[in-house]
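*Asks:* Under the working numbering, the residue at position 397 of the sequence shown is numbered 398, and the numbers go up by one with no gaps.
Sharing a structure with you now.
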Amino acid sequence: MATFLYKLGRLTFRRRRFVALIWVALLAVAGIGAATASTATSSSFSIPGTEAQRAFDLLEQRNPGSSADGATARVVFKAPEGEKVTDSANKSEITSIVKELRSGSDQIASVADPFEQRAVSQNGSTAYISVSYKVNSMELTDKTTDALKDAGKDAQDSGMKVEIGGDALQVMPHTGAAEIIGVAIAAVVLVITFGSLVAAGLPLVTALIGVGIGVSSITALANVLDLGSTTSTLAMMIGLAVGIDYALFIVSRYRAELAEGRESEEAAGRAVGTAGSAVVFAGLTVVIALVGLAVVNIPMLTKMGFAAAGTVAIAVVIALTLVPALLGFAGKRVVGRKARKAAEAEKSPEAKPNMGTRWARFVLRKPVWVMLVGVLGLGIIAVPAASLEMGLPDDGAQPKSTTQRQAYDMLSDGFGPGFNGPLMVVVDTKNSSDGKAAAARVSEEIESIGVSAVVPAEFNKAGDTATIVVIPKDRPSSAATEDVVHSIRDAGADIKADTGAEVLVTGATAMNIDFSQKMNDALLPYLALVVGLAFLLLMLVFRSILVPLKAALGFLLSVVAALGAVVAVFQWGWLGSLFGVEQTGPIMSMMPIFMVGVVFGLAMDYEVFLVTRMREAYVHGESPGQAIVTGFKHGARVVTAAAVIMMAVFAGFIGSSEQMIKMIGFSLAIAVFFDAFVVRMAIVPAVLALLGKKAWWLPRWLDRALPNVDVEGEKLQKQLTVEPGSGQGTGDGGGEGERELVRV
Numbered sequence: 002m003a004t005f006l007y008k009l010g011r012l013t014f015r016r017r018r019f020v021a022l023i024w025v026a027l028l029a030v031a032g033i034g035a036a037t038a039s040t041a042t043s044s045s046f047s048i049p050g051t052e053a054q055r056a057f058d059l060l061e062q063r064n065p066g067s068s069a070d071g072a073t074a075r076v077v078f079k080a081p082e083g084e085k086v087t088d089s090a091n092k093s094e095i096t097s098i099v100k101e102l103r104s105g106s107d108q109i110a111s112v113a114d115p116f117e118q119r120a121v122s123q124n125g126s127t128a129y130i131s132v133s134y135k136v137n138s139m140e141l142t143d144k145t146t147d148a149l150k151d152a153g154k155d156a157q158d159s160g161m162k163v164e165i166g167g168d169a170l171q172v173m174p175h176t177g178a179a180e181i182i183g184v185a186i187a188a189v190v191l192v193i194t195f196g197s198l199v200a201a202g203l204p205l206v207t208a209l210i211g212v213g214i215g216v217s218s219i220t221a222l223a224n225v226l227d228l229g230s231t232t233s234t235l236a237m238m239i240g241l242a243v244g245i246d247y248a249l250f251i252v253s254r255y256r257a258e259l260a261e262g263r264e265s266e267e268a269a270g271r272a273v274g275t276a277g278s279a280v281v282f283a284g285l286t287v288v289i290a291l292v293g294l295a296v297v298n299i300p301m302l303t304k305m306g307f308a309a310a311g312t313v314a315i316a317v318v319i320a321l322t323l324v325p326a327l328l329g330f331a332g333k334r335v336v337g338r339k340a341r342k343a344a345e346a347e348k349s350p351e352a353k354p355n356m357g358t359r360w361a362r363f364v365l366r367k368p369v370w371v372m373l374v375g376v377l378g379l380g381i382i383a384v385p386a387a388s389l390e391m392g393l394p395d396d397g398a399q400p401k402s403t404t405q406r407q408a409y410d411m412l413s414d415g416f417g418p419g420f421n422g423p424l425m426v427v428v429d430t431k432n433s434s435d436g437k438a439a440a441a442r443v444s445e446e447i448e449s450i451g452v453s454a455v456v457p458a459e460f461n462k463a464g465d466t467a468t469i470v471v472i473p474k475d476r477p478s479s480a481a482t483e484d485v486v487h488s489i490r491d492a493g494a495d496i497k498a499d500t501g502a503e504v505l506v507t508g509a510t511a512m513n514i515d516f517s518q519k520m521n522d523a524l525l526p527y528l529a530l531v532v533g534l535a536f537l538l539l540m541l542v543f544r545s546i547l548v549p550l551k552a553a554l555g556f557l558l559s560v561v562a563a564l565g566a567v568v569a570v571f572q573w574g575w576l577g578s579l580f581g582v583e584q585t586g587p588i589m590s591m592m593p594i595f596m597v598g599v600v601f602g603l604a605m606d607y608e609v610f611l612v613t614r615m616r617e618a619y620v621h622g623e624s625p626g627q628a629i630v631t632g633f634k635h636g637a638r639v640v641t642a643a644a645v646i647m648m649a650v651f652a653g654f655i656g657s658s659e660q661m662i663k664m665i666g667f668s669l670a671i672a673v674f675f676d677a678f679v680v681r682m683a684i685v686p687a688v689l690a691l692l693g694k695k696a697w698w699l700p701r702w703l704d705r706a707l708p709n710v711d712v713e714g715e716k717l718q719k720q721l722t723v724e725p726g727s728g729q730g731t732g733d734g735g736g737e738g739e740r741e742l743v744r745v
């Protein structure tokens with residue numbers, strides 16, 4: 002592989018104008034596609050194999066066009082102090098708004114008058130209008146949402162407080178200025194790392210081109226592939242981080258080759274042949290982790306994973322082709338004056354070892370202590386993970402300034418906490434001899450469980466399907482509400498045995514519970530799949546069993562520690578105000594499995610880049626201890642810069658208005674910190690120091706069975722090494738014979 006990539010690097014360096022033109026053309030085509038594509042009209046959310054989903058499908062089948070999973074809204078009214086919503090003036094105002102809503106859009110399925118549907122609180126202070134739509138929230142037109150927003154303005158002028166809840170006003174998440182700050186921090190880190198504006202600009206430019214192509218392609222295909230609003234955001238988050246990192250690895254190695262006195266084209270070829278090999282395998286681990294999300298069998302998550310994986314693949318190809326092409330334009334200008342002076346100073350016998358070298362030597366002197374401090378430190382931070390509670394946020398997790406959150410609080414105060422999370426119980430009476438009796442028994446069983454209210458059953462026209470609305474006593478995301486759902490389902494098994502009627506519990510709250518359970522069930526199989534495939538991949542890279550094993554165990558330690566930090570901030574509220582957490586609650590149920598996938602791939606970036614350099618030194622004859630020092634001498638600065646950049650990019654998403662994006666941004670940033678600076682920079686060299694030569698042990702039969710992908714460039718090195726006296730040069734890129742040897 003190293004030889005092929007070496008030739009590719011030299012080819013793209015020489016054909017730089019053609020290569021650059023191709024990438025610019027691809028960016029233009031993707032941009033035009035995104036600009037001309039029709040707006041996505043659907044962003045469906047389904048959870049195959051769950052009871053809640055089966056209930057929705059049954060309702061759609063028995064009541065065609067009922068849009069059981071359509072968008073909903075609640076326009077909540079609160080009378081001024083000392084008044085009631087039933088007062089003539091307030092009642093007249095609310096009734097007129099009901100009429101206004103009914104005629105406001107052809108997307109509305111129904112509008113329930115609160116005075117006809119008993120949607121008035123006992124003390125008369127609060128009432129609400131229930132609005133159901135024929136389509137989901139992402140298909141609502143601007144005219145429809147504007148009519149909803151305008152509905153309560155007149156009532157507000159009359160003195161009543163009016164807020165709107167439900168998913169009808171769901172908005173696209175925005176990340177705010179923090180995202181731009183993250184990119185700015187990345188630029189500053191690159192300038193400090195390279196000491197050259199040209200060298201610092203290359204990773205940023207190539208990463209932005211890659212993300213531009215990836216995100217534009219997602220936007221262009223959003224309508225065709227039914228991609229959700231968060232898909233492009235997450236693809237941008239991952240693509241930007243790895244795009245900068247991969248380009249950073251190539252540029253850094255190119256500068257190192259120039260420092261060895263090689264010509265520009267030869268330096269580009271060697272950089273792509275060595276660091277490029279690490280980029281390929283690091284990218285493969287990220288792609289495996291993201292594509293592996295398909296095992297969860299949730300279409301939305303699968304699409305997110307594939308979209309992000311595609312963006313990562315683009316970042317890898319750009320690092321291998323566009324980066325050396327741009328290096329051809331930049332030439333030796335990627336090395337600033339300060340960097341050249343520093344390189345010359347390092348060659349001096351009296352030169353002071355760099356920070357990476359000094360740290361590696363310290364670890365070699367005290368490997369046991371470094372390992373114990375790292376493991377115990379992460380272990381302590383991981384303790385809160387034992388209290389992890391998972392769920393999906395409702396409007397109660399929205400910022401207090403939003404109308405959704407205020408409507409949620411008004412309904413809780415007026416009708417009870419459970420009113421924000423009603424359950425829909427579907428009774429399939431097709432196989433029952435007496436459907437009405439079966440539905441009545443279901444209602445009785447539910448009332449005996451202990452809930453706030455049970456609305457009488459309503460049958461469809463065919464009389465074979467009944468729906469019963471149940472109001473729990475507690476808020477939607479509480480453990481008590483989850484217990485109610487399980488109790489109804491348990492009772493449904495007995496009812497089916499006695500009457501033949503099947504009882505299914507659905508609704509947003511039940512859907513969230515089923516979603517969380519499905520994520521829990523999929524976590525271990527997903528972890529086994531991703532870690533297993535990556536373990537085999539790393540065995541190919543390092544020709545070792547213990548190094549991949551150590552990499553996987555270190556990753557698990559950093560992930561559990563990151564989960565502990567997430568629980569402490571978002572569930573317990575520690576330092577919550579610092580990160581904009583206004584409401585604590587369960588951790589997003591998809592967050593742990595998504596974090597496992599993404600962080601595993603990113604963690605392997607540092608593992609591959611840092612340890613590959615050690616493996617390269619060891620293969621070329623250095624002792625195990627000296628190989629560790631060499632790896633840190635050349636790689637510590639780059640890995641540190643890459644980690645800081647990733648943390649900055651991910652931390653930028655903490656400013657998002659969407660709780661899921663905020664939580665994922667925080668979790669990825671803290672996980673990268675733990676993995677890069679504690680696991681890879683401390684625990685890994687300590688373990689390798691303790692293992693010595695055993696770290697690189699591989700059974701002979703396995704060594705023969707595994708293909709040699711030559712990531713460390715041993716074959717390339719032999720090919721480029723010329724016998725003394727042959728007149729072909731010494732591998733500095735200046736010999737004509739060597740040019741013939743590697744000509745593409």
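Glycine included, each C-beta is placed from N, C-alpha and C at the ideal position.
From Asn-137, Ala-110, Leu-537, pick the residue whose C-alpha is nearest to that of Asp-704; which is it?
*Replies:* Leu-537
*Asks:* DSSP three-state label for Thr-142, please.
*Replies:* coil
*Asks:* In angstroms with no decimal places, state the Cα-to-Cα distance between Leu-12 and Ile-219.
*Replies:* 30 Å
*Asks:* Is the stretch 430-448 touching the stretch 70-84 in the sense that three or more CB pairs, one from each, lie closer than 8 Å?
*Replies:* no
*Asks:* Could you check if Ser-545 is buried or exposed, using at least 16 other CB atoms within 10 Å of its CB as the buried criterion?
*Replies:* buried
*Asks:* Under a three-way DSSP split, which group does Ser-43 fall into?
*Replies:* Residue placement at Ser-43 is poorly supported in this model, since its pLDDT is 47, which falls under 50; the coordinates still yield a value, given next. Per DSSP, reduced to three states, the secondary structure at Ser-43 is coil, with no helix or strand assignment.
*Asks:* Can you tell me which of Pro-204, Val-216, Ala-454 puts its alpha carbon nearest to the alpha carbon of Ala-642?
*Replies:* Pro-204
*Asks:* Rounding to the nearest angstrom, what Cα-Cα distance links Ala-90 and Ser-453 in this structure?
*Replies:* 31 Å
*Asks:* How many angstroms separate the CA atom of Val-99 from the CA atom of Gln-518?
*Replies:* 39 Å
*Asks:* Figure out for me which residue from Ile-182, Val-20, Asn-137, Asn-709 has the closest Cα to the Cα of Ser-657.
*Replies:* Ile-182
*Asks:* Rounding to the nearest angstrom, what Cα-Cα distance links Tyr-255 and Leu-226 in this structure?
*Replies:* 40 Å
*Asks:* Consult DSSP for Arg-75 and reduce its assignment to one of helix, strand or coil.
*Replies:* strand
*Asks:* For a test of the three-state rule: what should DSSP assign to Thr-13, helix, strand or coil?
*Replies:* helix
*Asks:* Please report the straight-line C-alpha distance between Glu-724 and Phe-307, rounded to a whole angstrom.
*Replies:* Bear in mind that a pLDDT of 37 at Glu-724, under 50, signals an unreliable position, so the number given afterwards is only what the model happens to contain. About 48 Å.
*Asks:* What would DSSP say about Gly-666, mapped onto helix, strand or coil?
*Replies:* helix
*Asks:* Using 8 Å as the threshold, is the stretch 594-601 in touch with the stretch 266-281, meaning 3 or more CB pairs across them?
*Replies:* No, the stretch 594-601 does not touch the stretch 266-281.
*Asks:* So, for Val-531: in the same chain, excluding its five sequence neighbours on each side, which residues have a beta-carbon less than 8 Å away from its beta-carbon?
*Replies:* Here the set comprises Ile-289, Ala-290, Gly-293, Val-597, Gly-598, Phe-601.
*Asks:* Assuming the contact rule is C-beta atoms closer than 8 Å, Gly-357 and Ser-478 should be a hit. Round their C-beta distance to whole Å, please.
*Replies:* The beta-carbon distance between Gly-357 and Ser-478, rounded to whole angstroms, is 46 Å. This is too long to meet the 8 Å contact definition.
*Asks:* Would you mind stating whether Ala-696 and Leu-689 have Cβ atoms separated by less than 7 Å?
*Replies:* yes
*Asks:* What beta strand (DSSP E) runs, 3 residues minimum, are completely inside the stretch 375-435?
*Replies:* 424-429
*Asks:* Taking DSSP as the reference, what is the three-state secondary structure of Thr-468?
*Replies:* strand
*Asks:* May I ask you to report which of helix, strand or coil DSSP gives Gly-693?
*Replies:* helix
*Asks:* Confirm the yes/no value for this check: CB of Ile-186, any heavy atom of the ligand GTP, distance under 6 Å.
*Replies:* You won't find the ligand GTP in this model; it holds no ligand whatsoever.
*Asks:* Going by DSSP in three states, Ser-545 sits in which element: helix, strand or coil?
*Replies:* It is coil, neither helix nor strand.
*Asks:* Which two residues bound the contiguous alpha helix (DSSP H) that contains Ser-1?
*Replies:* In the structure displayed, the chain extends from 2 to 745; residue 1 sits before or after that span and is not available.
*Asks:* Is Ala-188 closer than 7 Å to Ser-126 when the C-beta atoms are compared?
*Replies:* In this structure, Ser-126 sits away from Ala-188, with a CB-CB distance that is not shorter than 7 Å.
*Asks:* Please report how far the alpha carbon of Thr-42 lies from the alpha carbon of Gly-215, in whole angstroms.
*Replies:* Residue placement at Thr-42 is flagged as unreliable, the pLDDT there being 49, under the threshold of 50; the coordinate-derived value follows with that caveat. Approximately 21 Å, taken between the alpha carbons.
*Asks:* Using the rule of at least 16 other Cβ atoms within 10 Å of the residue's Cβ for burial, across every protein chain shown, is His-635 buried or exposed?
*Replies:* buried
*Asks:* Which partner residues of Met-589 appear in the DSSP bridge assignment?
*Replies:* Gly-392
*Asks:* What does the alpha-carbon distance come out to for the pair Thr-466 and Asp-491?
*Replies:* Approximately 20 Å between the Cα atoms of the pair.
*Asks:* Got a sec? Which residues, its chain only, sit under 6 Å from Gly-397 by beta carbon, not counting five neighbours each side?
*Replies:* For Gly-397, same chain residues with a beta-carbon under 6 Å away, outside a window of 5 residues either side, are Tyr-409 in chain order.
*Asks:* Quick test of the definition: if touching needs 3 or more C-beta pairs under 8 Å, does the stretch 424-440 touch the stretch 460-474?
*Replies:* Segments in contact, yes.
*Asks:* Under a three-way DSSP split, which group does Glu-117 fall into?
*Replies:* Of the three classes helix, strand and coil, the one that applies to Glu-117 here is coil, per DSSP.
*Asks:* Under 8 Å: do the stretch 235-249 and the stretch 261-268 share three or more Cβ pairs, one atom per stretch?
*Replies:* no
*Asks:* With three or more beta-carbon pairs closer than 8 Å as the criterion, would you say the stretch 545-565 touches the stretch 671-681?
*Replies:* yes
*Asks:* On the criterion of 16 or more Cβ atoms from any shown chain inside 10 Å, does Phe-19 qualify as buried, or is it exposed?
*Replies:* exposed
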